[in-house]
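**Q**
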Amino acid sequence: MKPRSLLAALAALVALFLGTAQAAPPPIESFFRIAEFTNPVLSPDGKRLAVVITAKGGRGRLTILQLDDLSKSKGIAGFGDADVANVRWVNNHRLVYTAWDGRAERTDPIWPGLWSIDDEGKQTRHLIYSNNDVASSTGTHLVDRTLPYNWVLESTLDDGSDDVLVMNYVFDNRGDLAGTSMARLDTQTGNRRSLAEKPPGQVFGWWTDRTGHVLAVMTENKAVSELLVPEGEGWKSVSQGNAFTGAGHHFAPLSATVPDWLYVYGPDPEHKVDTTVLSRLDLKHPGAPPKVLLSLPGYDFRGSLVVDSKAGQLVGVKFETDAEGAVWLNPQMKAIQAEIDQKLPGLINQISCHACLSDETLLVSSSSDRQPPIYSIYEPAKKKLTTLINSRSWIEAEAMGMREAALYKTRDGLTIPMMVTHPAGPEKAHRPAVMLVHGGPWVRGNHWADWQWLAEAQFLASRGYVVIEPEFRGSTGYGSKLFRAGFKQWGLAMQDDISDAMDFAAAKGWIDARRVCIAGASYGGYAALMGLAKEPERYRCGFEWAGVTDINLMYSISWSDASARWQDYGMPVMIGDQVKDAAQLKATSPIELAARINKPLLLAYGGDDRRVPIQHGQEFRDAVRANNKDVEWVVYPNEGHGWVALETNIDFWGRVEKLLARTIGDGANP
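Counting from 1 along the sequence shown, just add 18 to a position and that's the residue number in the numbering used here.
1) Nearest-angstrom Cα distance between Gly495 and Tyr317?
2) Which stretch, first to last residue, makes up the beta strand (DSSP E) that contains Lys216?
3) Taking the C-alpha atoms as reference points, what is the distance between Lys240 and Ala306?
4) Who are Ile135's beta bridge partners in DSSP?
5) Does DSSP classify Val722 as helix, strand or coil?
6) For Pro62, which residues in the same chain have their Cβ closer than 7 Å to its Cβ, ignoring the five residues on either side in sequence?
7) Using only alpha-carbon positions, find the residue among Ala417, Leu619, Asp521, Ile135 that is nearest to Gly482.
8) Taking the alpha-carbon of Lys598 as reference, which of Arg643, Asp648, Lys506 has the nearest alpha-carbon?
9) Check for me: the beta strand (DSSP E) holding Tyr396 runs from which residue to which?
10) Determine the DSSP secondary structure at Asn646, reduced to helix, strand or coil.
11) Which whole-angstrom value describes the C-beta separation of Ile94 and Ile82, a residue pair presumed to lie in contact below a C-beta threshold of 8 Å?
12) According to DSSP, simplified to helix, strand and coil, what is Tyr557?
13) Would you kindly check if the distance between the Cβ of Gly492 and the Cβ of Met512 is under 8 Å?
14) Nearest to Lys552 by CA position, among Ile146, Ala601, Glu610, is which residue?
15) Please state whether DSSP places Asn149 in a helix, a strand or coil.
16) Counting C-beta neighbours from all protein chains within 10 Å, is the total for Ser574 16 or more, i.e. buried, or is it exposed?
17) State buried or exposed for Leu677, treating a residue as buried only when at least 16 other CB atoms are found within 10 Å of its CB.
18) What would DSSP say about Pro43, mapped onto helix, strand or coil?
19) For Gly635, tell me which candidate among Asn656, Trp661, Pro608 has the shortest Cα-Cα distance.
20) Do Val335 and Asn348 count as a contact pair if the criterion is CB distance below 8 Å?
21) Among all the DSSP beta bridges, which residues are the ones paired with Phe337?
22) So, with DSSP's three-state summary, where would you put Ser154?
23) Where does Phe97 sit, in a helix, a strand or coil, going by DSSP?
24) What's the gap between the Cα of Ala663 and the Cα of Ser409?
25) Put Lys400 into one of helix, strand or coil per three-state DSSP.
26) For Ala564 versus Val642, is the C-beta spacing smaller than 8 Å?
27) Are there 16 or more other CB atoms within 10 angstroms of the CB of Asn209, so buried, or fewer, so exposed?
28) Once the 5 residues before and after Asp16 are set aside, which same chain residues still bring their CB inside 6 Å of it?
29) Restricting to Cα atoms, I'd like to know which of Lys90, Asp119, Lys92 is closest to Ala103.
30) Please report the Cβ distance between Gly624 and Gly658, rounded to the nearest whole angstrom; I am assuming they are in contact, meaning their Cβ atoms lie under 8 Å.
31) Is the beta carbon of Ile516 closer than 8 Å to that of Ala545?
32) Based on Cα-Cα distance, which residue from Thr666, Trp471, Ile354 lies nearest to Glu414?
33) State yes or no: is the C-beta of Asp162 within less than 8 Å of the C-beta of Asp181?
34) Within the continuous beta strand (DSSP E) that includes Asn260, where are the two ends?
35) How would you label Phe189, buried or exposed, when you count the other beta carbons within 10 angstroms and need 16 or more for buried?
36) Mind checking Lys216: buried by the 16 CB within 10 Å criterion, or exposed?
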């Protein structure tokens with residue numbers, strides 16, 4: 019070989035090596051790190067932006083950005099052992115915030131406490147203790163006005179005062195929630211006063227106008243939920259339904275209101291659609307039928323109202339279908355949305371405003387399936403958009419997978435949504451796949467069903483796997499028919515739906531049906547185990563965390579956080595009656611079918627999980643290992659129902675990566 023040819027060959031080898039190195043997927047840490055910027059909130063006058071900044075390895079601190087001169091921005095609050103969260107402006111110069119531990123393992127239920135501060139970092143006050151605080155006892159005779167930890171921030175007001183609304187959670191002697199009360203709290207002095215002198219009993223929800231006047235309450239008695247509005251010295255019933263199943267004429271208000279009207283979401287009063295709709299009740303005539311304002315074809319209404327605080331006018335409605343969106347009722351705001359969308363194409367751009375029609379600055383949150391949120395300021399008069407913050411600057415959108423929504427048909431004719439995440443790069447058919455089943459199960463995919471950046475899905479896609487996130491009967495958000503079709507169908511039709519979603523993806527050519535693993539957390543963990551037991555030929559492996567393994571144990575275990583009301587009135591109807599459905603509950607419990615699970619399996623549990631206590635995992639581990647030698651078991655002692663600590667996520671998803679590589683990865687033999 020001539021010298022030049024040798025050098026050329028060496029250069030090619032170096033280029034190949036460097037190209038391979040550059041093509042290496044992002045490390046696990048980059049997906050599960052806390053965002054650097056969170057909770058941005060614009061001051062009512064639009065001059066300052068409050069935001070929590072979390073440096074790598076550090077704690078989240080409250081920072082005030084001075085928008086006309088960013089050099090004057092400064093951090094004003096933080097903790098050495100916790101992160102600032104849930105920041106709200108009380109007025110133009112005063113803020114409140116809570117705390118949580120987003121870096122370490124979670125050992126207790128989170129009661130986040132409450133603190134207040136002004137925008138210069140002065141006049142601080144501790145308003146509510148967190149569950150980790152201990153009231154000091156120094157011999158002083160001064161009255162400690164700091165409220166106990168079972169008080170929480172409910173909302174801010176819009177009346178120019180220093181007050182906020184706080185809610186007190188009241189528990190019975192069994193530890194179950196027995197009701198709530200609401201008070202107005204002065205963030206300067208700590209003084210509080212009740213909002214209602216004679217509230218009805220067992221109130222579980224409160225709704226007020228922007229000055230703190232009570233517009234409606236929701237009560238619950240056993241399984242009955244009732245919406246009441248004030249009438250004279252008493253209360254008038256507006257609607258009534260089942261608190262668990264939603265049966266009946268069941269309305270729930272939205273928090274933002276305008277004078278004389280109560281906006282509610284619930285069943286279509288005109289019975290034209292199966293989904294919930296946004297309606298309006300006339301508070302002056304509460305007996306009059308509600309007027310439907312917004313119906314979303316195929317989706318239950320879920321969203322919020324945008325009210326101009328100065329004009330007291332409803333200007334828009336934010337909602338969620340397969341992605342977030344907004345409908346603007348005001349032509350000025352509609353034009354502004356169009357201008358912003360033109361400047362930021364390919365992103366979902368959500369506008370936040372206060373006095374929307376006269377604000378000089380608006381906050382814009384922009385995101386997509388590949389792009390974590392970025393935040394900008396828009397000045398309508400100048401038509402000027404200034405991008406300030408990228409919440410996860412280390413994420414390269416081009417390297418992320420593409421997510422798309424699809425509809426699949428079940429074997430009995432239902433049409434159900436699913437979300438699919440394809441690995442980045444050139445399109446490729448018949449890839450290995452992970453069926454990622456959401457928990458709940460009576461939720462809308464824990465936001466897995468949305469067109470947004472999702473750490474778990476993007477991590478798996480970065481390793482070359484298609485991620486199928488199916489909804490299934492019992493999932494909420496798509497109408498009462500689909501929701502009710504899931505009653506008493508754990509391990510039965512609900513499980514068949516997941517199989518049908520997989521078959522749909524295979525028929526589309528997206529996945530290689532010979533190389534599929536099933537996974538999930540909580541109910542999703544249950545579904546992963548049931549999939550391996552019910553159809554062992556369908557999956558090559560499974561992994562689950564915090565998964566239910568024994569349905570009967572959900573009724574009998576003594577230290578679960580499941581309430582007695584849920585066990586008495588919800589579970590028998592929605593999961594199964596322990597007596598009447600005893601045979602079914604046994605036949606659909608993974609622990610009874612453990613001998614049938616013979617595929618590689620990863621089981622992970624939190625030692626302090628009070629939703630699915632570790633006993634579920636321990637008993638199932640022992641049962642499955644009797645016939646399956648390829649079972650990996652890991653406990654994270656101080657984690658709860660899901661992972662909080664970065665170290666936990668790195669360890670767990672590292673184990674997942676190895677499991678998938680040897681069972682369905684490119685080197686695995688199908």
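Yeah, the Cβ is synthetic: ideal placement off N, Cα and C, and Gly gets one too.
As the structure is a computational prediction, the values presented were derived from the model and not from experiment.
**A** According to the structure shown:
1) 6 Å
2) Element bounds for Lys216: n/a, residue is neither H nor E.
3) 28 Å
4) Leu113
5) The question about residue 722 has no answer, for the chain in this structure spans 19 to 688.
6) Trp107, Asn109, Asn110, His372
7) Ala417
8) Lys506
9) 392 to 397
10) coil
11) 6 Å
12) coil
13) yes
14) Glu610
15) coil
16) exposed
17) buried
18) coil
19) Pro608
20) no
21) Gly321, Gly343
22) Confidence at Ser154 is low in this model, with a pLDDT of 48, below 50, so its placement is unreliable and no value can be given for it.
23) coil
24) 19 Å
25) coil
26) no
27) exposed
28) A query on residue 16 cannot be resolved here, the shown segment of the chain reaching from 19 to 688 and no further.
29) Asp119
30) 5 Å
31) yes
32) Trp471
33) no
34) 252 to 260
35) exposed
36) exposed
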